[in-house]
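These protein sequence lines map, in sequence, to chains X and U.
Using this note's numbering, read the first sequence as starting at 1003 and increasing by one per residue.
Using this note's numbering, read the second sequence as starting at 1003 and increasing by one per residue.
Cβ atoms here follow ideal geometry from the backbone N, Cα and C, with glycine treated the same way.
For reference, the structure is listed below as structure tokens.
2 protein chains.
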Amino acid sequence: MAEPPVFRRLCIIGLGLIGSSIARLARERGDIAETLVACDSGPGVAERVSELGLADVVETDAGRAVRDCDGVILCTPVGTFAGLMAAIAPHLAPGAVLTDTGSTKGSVLRDLLPLLPPGVHLVPGHPMAGTEHSGPDAGFATLFQGRYVILTPLEGTEPAARAKVEALWRRAGAMIETMDPATHDKVVAIVSHLPHLIAFTICSTADDLAQETREQVLKFAASGFRDFTRIASSDVDMWRDVFLNNREALLEMLARFSEDAHALGRAVRWGEAGFIEDRIRRGRKIRRTLIELKQA
Amino acid sequence: MAEPPVFRRLCIIGLGLIGSSIARLARERGDIAETLVACDSGPGVAERVSELGLADVVETDAGRAVRDCDGVILCTPVGTFAGLMAAIAPHLAPGAVLTDTGSTKGSVLRDLLPLLPPGVHLVPGHPMAGTEHSGPDAGFATLFQGRYVILTPLEGTEPAARAKVEALWRRAGAMIETMDPATHDKVVAIVSHLPHLIAFTICSTADDLAQETREQVLKFAASGFRDFTRIASSDVDMWRDVFLNNREALLEMLARFSEDAHALGRAVRWGEAGFIEDRIRRGRKIRRTLIELKQA
């Protein structure tokens, strides 16, 4: 590559689907980091990362891993961020850029900002990409190709720091958008977190049915239910942390959804055909808009 | 084909996705009906069916269409069945087999049985197949290949009548299952009707968000929300009728789902990580079972 690497020494903390995809991308391209440090304390993960040859240096201790790095990217579940920050803050190099890939952004500011050392630049980010698979074997270098990455930079962040994070994601093939953390958290609450909550729930509801009915349900899982189970097969730790760290926006969207579902249920009970038709038409309209926006 | 046609003269009423798929299948195979009558009173549908060459005889009047037929299959939305039965009952030939493709089976018995002429054999059926498209152009002969068809035969139905309906679906490539109507209605309520109700609802909820947030929602429709909108883009008349005609089972499943969603919402509010993890794990378990059953 003609352009110099974005980072001299980049530390990726958490080598799951997202972290290992960034590592693979950095290995393939060569213009993301001169030296790549991978850190994961999960059982067997560091060994697996070494076997896969995903980094130049593999660590299990985050404090040691970030030393002398000019770039650090947190790719662990957001529930780990407060503890992780306490571990790395004393070791972050002056001038380093700290970013992340967490699905909630209010909680990231809450957990990282109080311990941010002076001279370290925080640029929170969220790549809107993923699959239902997890772990260091699940990643692939093209995961971010054509996907959005939302950055929620703080006011007054040094432009050079922000430019480095943008360069990382541009080289990953992603499209970059900027938003304030509160808007981000609302948008992802309805676009992603509520659909996951619903999908987990409907699987539990089906699982609670009487034995005979449950067997039939699994046998006749038509496309509707089957699509929900695909969403529902996501990583436990990640989604627990997402729900707990986007509590307010998620509960607001669940309340709105719940009111709307009950209104539709009421219309079914009372035979209000016009109301039901209107709701179905609105679903079709949203779908058409997505198709027009090439998001379907 | 070596085997003789199942029916001498088969009348398909309703040439939407399902009806036109059966017509195409019958045309292609030649061993389903000697003569194929297609009947649809929708604006322009009969003309389109003629243009497409889907039947030997094309009618718009159901009473006239069923005359002298030894097989009649209702493929219109279930809300039309009571009126349709009133129109065809006086014209049904003695010994004819009457079947249907409606998504609700309790309502079909309620609407058809009281007017069933003596000597006409009713064998209700429900092919678990479909796409989000509708109309006579949307059908295709392989729609039922490898899909389940659920029959809910009455006690005392003549075995020969039941055998004809089974032969039709076997030749369509479908797998046949038998169930009582109440079990059928419960199973499809959770497998298909509730997921559709949820999908229509979440699209409405998103559509009601403030202008700015809605635009972002459409822009960032990640896989979760996008999958829901695919389900939500289904036919208005069909789904209105399904909801209204499977009222009890659907409202029961909505109530169970709603309790479960609120329990999960409560766990999010109070930070009950263990409860949340359990719900996510159950989703994954159901998904694994579907994969084992080759339904995923």
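Pick from the options that is closest to residue i, judged by C-alpha positions
i	options	result
X:Leu1292	U:Thr1101, U:Asp1262, U:Asp1229 and U:Leu1256	U:Asp1229
X:Thr1037	X:Gly1018, X:Pro1006 and X:Asp1063	X:Pro1006
X:Gly1267	U:Glu1134, U:Arg1249 and U:Gly1267	U:Arg1249
U:Leu1019	U:Ala1131, U:Thr1203 and U:Pro1045	U:Ala1131
U:Leu1145	U:Ile1015, U:Gly1158 and U:Pro1129	U:Pro1129
U:Ile1015	U:Leu1076, U:Leu1156, U:Met1087 and U:Leu1199	U:Leu1076
U:Ala1040	U:Thr1215, U:Ser1260 and U:Ser1052	U:Ser1052
U:Val1301	U:Val1167, U:Phe1259 and U:His1198	Residue numbering for chain U in the displayed model covers 1003 to 1298; residue 1301 of chain U lies beyond these limits and cannot be assessed.
X:Thr1159	X:Gly1097, X:Leu1220 and X:Val1270	X:Gly1097
U:Ala1208	X:Val1074, X:Val1193 and X:Ala1162	X:Val1193
U:Cys1071	U:Gly1055, U:Glu1179 and U:Ala1091	U:Ala1091
X:Arg1050	X:Thr1078, X:Ile1278 and X:Ala1140	X:Ala1140
X:Asn1247	U:Asn1247, U:Ser1236, U:Ala1269 and U:Leu1253	U:Ala1269
U:Ser1022	U:Thr1231, U:Met1240, U:Lys1221 and U:Ala1057	U:Ala1057
X:Val1008	X:Gly1046, X:Arg1173, X:Leu1086 and X:Arg1149	X:Arg1173
U:Ser1109	U:Thr1082, U:Ala1143 and U:Arg1289	U:Thr1082
X:Ala1048	X:Glu1030, X:Arg1031, X:Ala1025 and X:Arg1069	X:Ala1025
Beta-carbon proximity of residue i to residue j, cut-off 8 Å
i	j	result
U:Asp1262	X:Ser1206	yes
X:Gln1213	U:Thr1185	no
U:Val1151	U:Ala1176	yes
U:Pro1138	U:Leu1017	yes
X:Ala1100	X:His1135	Correcting the residue type first, residue 1100 of chain X is Leu in the shown sequence and not Ala. No. Outside cutoff.
U:Lys1107	U:Thr1062	no
X:Pro1119	X:Leu1156	no
U:Gly1276	X:Phe1202	no
U:Ala1035	U:Gly1065	no
X:Ala1067	X:Cys1013	yes
X:Val1189	X:Gly1127	no
X:Ile1204	U:Gly1226	no
X:Leu1295	U:Leu1220	yes
X:Ala1191	X:Ala1251	yes
X:Val1125	X:Ala1163	yes
Residues that residue i contacts on chain X, provided the C-beta gap is smaller than 7 Å
i	result
U:Ala1201	Gly1285
U:Asp1058	Correct list: empty, because the minimum Cβ distance to chain X is about 32 Å.
Residues that residue i contacts on chain U, provided the C-beta gap is smaller than 7 Å
i	result
X:Phe1259	Thr1203, Ile1204 and Thr1207
X:Glu1279	Val1238 and Arg1242
X:Ser1235	Gly1285, Arg1286 and Arg1289
X:Gly1044	Within 7 Å Cβ-Cβ: nothing; X:Gly1044 doesn't reach chain U, min ~16 Å.
Continuous alpha helix (DSSP H) stretch holding residue i: start and end
i	result
U:Cys1205	Leu1196 to Asp1209
X:His1186	Pro1183 to Val1190
X:Gly1065	Ala1064 to Val1068
X:Val1219	Gln1213 to Lys1221
U:Ile1020	Leu1019 to Arg1031
Continuous beta strand (DSSP E) stretch holding residue i: start and end
i	result
U:Ile1014	Phe1009 to Ile1015
X:His1123	His1123 to Val1125
U:Gly1108	First-last for U:Gly1108: Gly1108 to Leu1114, but that is the alpha helix (DSSP H), not the beta strand (DSSP E).
X:Met1177	Met1177 to Thr1180
U:Val1099	Val1099 to Asp1102
U:Thr1291	Careful: U:Thr1291 lies outside any beta strand (DSSP E), inside the alpha helix (DSSP H) at Ala1275 to Glu1294.
U:Val1074	Gly1073 to Leu1076
U:Ile1152	Tyr1150 to Leu1153
Anticipated Cβ contact below 8 Å, residue i with residue j, distance rounded
i	j	result
X:Ser1105	X:Val1080	7 Å
U:His1195	U:Phe1245	7 Å
U:Ile1282	X:Arg1242	7 Å
U:Pro1183	U:Leu1111	6 Å
Per-residue contacts from residue i into chain X (C-beta, under 9 Å)
i	result
U:Ile1192	Ile1204, Thr1207, Ala1208, Leu1211, Thr1215, Val1219 and Phe1227
U:Thr1078	Near U:Thr1078 there are no residues of chain X at all, since even the closest Cβ is about 16 Å away, more than 9 Å.
U:Thr1185	Glu1214, Thr1215 and Gln1218
Chain X contact residues for residue i, given Cβ-Cβ distances below 8 Å
i	result
U:Thr1231	Gly1285, Ile1288, Arg1289, Leu1292 and Ala1298
U:Val1151	Per Cβ cutoff of 8 Å: no residues; U:Val1151 is ~11 Å from chain X at best.
Cross-chain neighbours of residue i in chain U, by beta carbon under 9 Å
i	result
X:Leu1196	Ile1204, Thr1207, Gly1226 and Phe1227
Interface partners of residue i on chain U, CB under 8 Å
i	result
X:Val1189	Thr1215, Gln1218, Val1219 and Phe1222
X:Val1051	None at all; the shortest Cβ gap to chain U is about 24 Å.
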